[in-house]
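Numbering (the UniProt record's numbering), first residue to last: 1 to 167.
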């Protein structure tokens with residue numbers, strides 16, 4: 001498998017084969033850009049926090065507080081991940097206080113809005129479900145019905161991004 005196609009490793013053959021063909025024919029970027037012609041406008045961390053909180057308040061009002069949401073340019077390089085959810089519990093005056101933070105890979109500043117939303121939904125779901133289990137994916141699909149398609153499309157975005165960055 002081509003190194004650029006590592007993002008879809010583990011997907012079934014009926015997905016890998018057409019993506020590989022488009023990649024080899026040099027058509028993947030054009031196909032993706034036609035499917036998602038526009039980038040989102042959520043560039044600042046305040047805008048990202050507000051965007052995330054709007055989704056959280058709509059679907060997850062009773063979950064733990066979210067202290068911070070940021071773009072992070074180290075995530076992809078270190079963890080080969082697109083987002084991270086961190087949880088820190090501290091004892092303060094006999095009470096346990098928790099700080100939840102979400103970090104989104106900076107590469108998603110240039111992504112289409114549906115892909116950013118999928119990533120935010122994924123990280124928000126970790127507030128309630130720590131593991132990637134059935135309940136986790138059900139929650140993701142509750143917040144974003146096209147979650148699974150958008151997750152694949154986010155991986156295709158990364159392939160296209162690698163293609164355009166290498167030119």
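Backbone N, C-alpha and C fix where the C-beta goes; we use that ideal spot for every residue, glycine too.
By the neighbour-count definition (other C-beta atoms within 10 Å, threshold 16), residue 133 is an exposed residue. Residue 146: not part of any alpha helix (DSSP H); DSSP gives it neither H nor E. Per DSSP, the continuous alpha helix (DSSP H) segment holding residue 50 begins and ends at 45-59. A direct Cα-Cα distance of roughly 27 Å separates residue 43 from residue 5.
Between the region 99-118 and the region 29-46, the count of Cβ pairs shorter than 8 Å is three or higher; the stretches touch. Sequence-distant partners of residue 48 (beyond 5 residues in either direction) whose C-beta falls short of 6 Å from its own C-beta, in its chain, are 42, 69. Nearest to residue 2 by C-alpha distance, out of 15, 32, 159, is 159. Beta bridge pairing from DSSP links residue 105 with 72. Using a C-beta cut-off of 8 Å, the region 116-129 makes contact with the region 138-156, since at least three inter-stretch Cβ pairs fall below that distance. Ranked by Cα distance from residue 108, the first of 27, 58, 151, 12 is 151. Minimum Cα-Cα distance from residue 7 among the listed residues 164, 154, 73 corresponds to 154. In this structure, residue 51 places its C-beta atom within 8 Å of the C-beta atom of residue 120. Around the beta carbon of residue 57, fewer than 16 other beta carbons lie within 10 angstroms, which makes this residue exposed.
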